[in-house]
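When the letters of the sequence shown are read in order and numbered with the numbering used here, they come out as residues 78 to 220.
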Amino acid sequence: MSKNDVGVDIELLEQQVSTLLRLFDRIDVVITQASDVRSSQDSSTWSTMPSAQTFAEGYRTEIARLEATFATLRERVELIRDNLRLSASAQSRTDEDVQGQLERFDPKPSTTPYFPPGYPGPVAPGTDPLGPQGPVRSGDDLR
Numbered sequence: 078m079s080k081n082d083v084g085v086d087i088e089l090l091e092q093q094v095s096t097l098l099r100l101f102d103r104i105d106v107v108i109t110q111a112s113d114v115r116s117s118q119d120s121s122t123w124s125t126m127p128s129a130q131t132f133a134e135g136y137r138t139e140i141a142r143l144e145a146t147f148a149t150l151r152e153r154v155e156l157i158r159d160n161l162r163l164s165a166s167a168q169s170r171t172d173e174d175v176q177g178q179l180e181r182f183d184p185k186p187s188t189t190p191y192f193p194p195g196y197p198g199p200v201a202p203g204t205d206p207l208g209p210q211g212p213v214r215s216g217d218d219l220r
């Protein structure tokens with residue numbers, strides 16, 4: 078696509094969707110892993126020593142914070158997906174609208190009369206006008 082073209086680069090769109098899907102899948106894996114780690118933090122994992130319990134509590138809190146962060150990232154990826162879907166749909170509708178407008182440029186028979194320079198009346202398209210010295214051919218200099 079040249080710099081003056083407007084449109085959607087389908088290959089780029091497919092790459093971005095593929096990247097988005099990989100990110101989406103990876104976030105789900107990380108959320109599941111973090112949840113598993115958090116749920117395994119119980120009394121059998123840590124000693125009853127106060128310092129171990131304090132550390133375990135902070136560790137569980139950080140893991141829960143990470144889960145929440147990844148859940149927020151997942152929501153953002155879903156929002157990007159939805160926006161991408163809407164954008165692609167809008168682009169498709171725009172492409173159809175533009176195509177309809179461009180069809181107006183299709184060649185149509187001319188119904189506009191032609192007035193050669195220096196002649197007061199209309200001349201039908203495809204007809205040579207009569208000049209002071211006879212017919213004027215296309216390509217003749219009328220100056």
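Ideal Cβ placement from N, Cα and C applies to all residues, glycine included.
| query | Counting pairs of beta carbons, one from the stretch 161–179 and one from the stretch 121–138, are three or more of them closer than 8 Å? | reply | no
| said: For the alpha helix (DSSP H) containing Q92, name the first residue and the last one. | reply: The sequence position of residue 92 within the sequence shown is 15, counting from 1. First-last of the alpha helix (DSSP H) with Q92: I87 to S116.
| field | Where A35 falls, given that 16 or more other Cβ within 10 Å makes a residue buried | value | The chain is shown from 78 up to 220; residue 35 falls before or after that span and cannot be answered.
| So, helix, strand or coil for T125, using DSSP? | For the purposes of this step, residue 125 is taken as the residue at position 48 of the sequence shown. The answer is coil: DSSP assigns T125 none of H, G, I, E or B.
| message | Can you give me the C-alpha to C-alpha distance between L98 and E180, rounded to a whole angstrom? | response | Position 21 of the sequence shown, counted from the start, is the residue given in the question as residue 98. Position 103 of the sequence shown, counted from the start, is the residue given in the question as residue 180. When rounded, the distance between both Cα atoms is 38 Å.
| request: Would you tell me roughly how many angstroms separate the C-alpha atoms of I108 and T171, rounded to the nearest one? | output: By 1-based counting over the sequence shown, the position of residue 108 is 31. By 1-based counting over the sequence shown, the position of residue 171 is 94. Distance between the alpha carbons of I108 and T171 is about 39 Å.
| field | I104 and L150 closer than 8 Å at C-beta | value | Walking along the sequence shown from the start, residue 104 turns up at place 27. Walking along the sequence shown from the start, residue 150 turns up at place 73. In this structure, L150 lies closer than 8 Å to I104 by Cβ.
| said: Q110 and R137 - do their beta-carbons sit closer together than 8 Å? | reply: Counted from its first residue, the sequence shown places residue 137 at position 60. Counted from its first residue, the sequence shown places residue 110 at position 33. No. Outside cutoff.
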